[in-house]
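Taking UniProt numbering, I'd label the letters of the sequence shown as residues 1 to 75.
C-beta: ideal position from N, C-alpha, C; glycine also.
Just so we're clear, the structure is a prediction, and the values are computed from it rather than from any experiment.
Working notes, beginning with the structure itself.
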Amino acid sequence: MVSPVEFNSGFSACDCLAHRFGNAADHPDRERAYASDMTDAEWAAVRESLPVPAWLEGRGGQPDGYCHRQMIDAE
């Protein structure tokens, strides 16, 4: 099991896998900019359906560098 990592940039309000285990904490926190951006309740429903990154399961790859919630909001 992989443990959350500590970052120099401090606490992040986002709880996506990229913020908890990857490199996304090095980027600014998500700010809701548009009415179409997910609410906290919508994110809670979607978060658990996202696939677990391969690197978290020991199958290679690199930690995610971008917030998953920001990527979904951008679509």
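Check, Outcome
"Contact under 8 Å by Cβ, Asp15 with Asp73", "no"
"Length of the line joining the Cα atoms of Gly22 and Gly65", "6 Å"
"Nonlocal neighbours in the same chain, by C-beta distance under 7 Å from Gln62, ignoring five residues either side", "Trp55"
"Boundaries (first-last residue) of the alpha helix (DSSP H) holding Ala41", "40 to 47"
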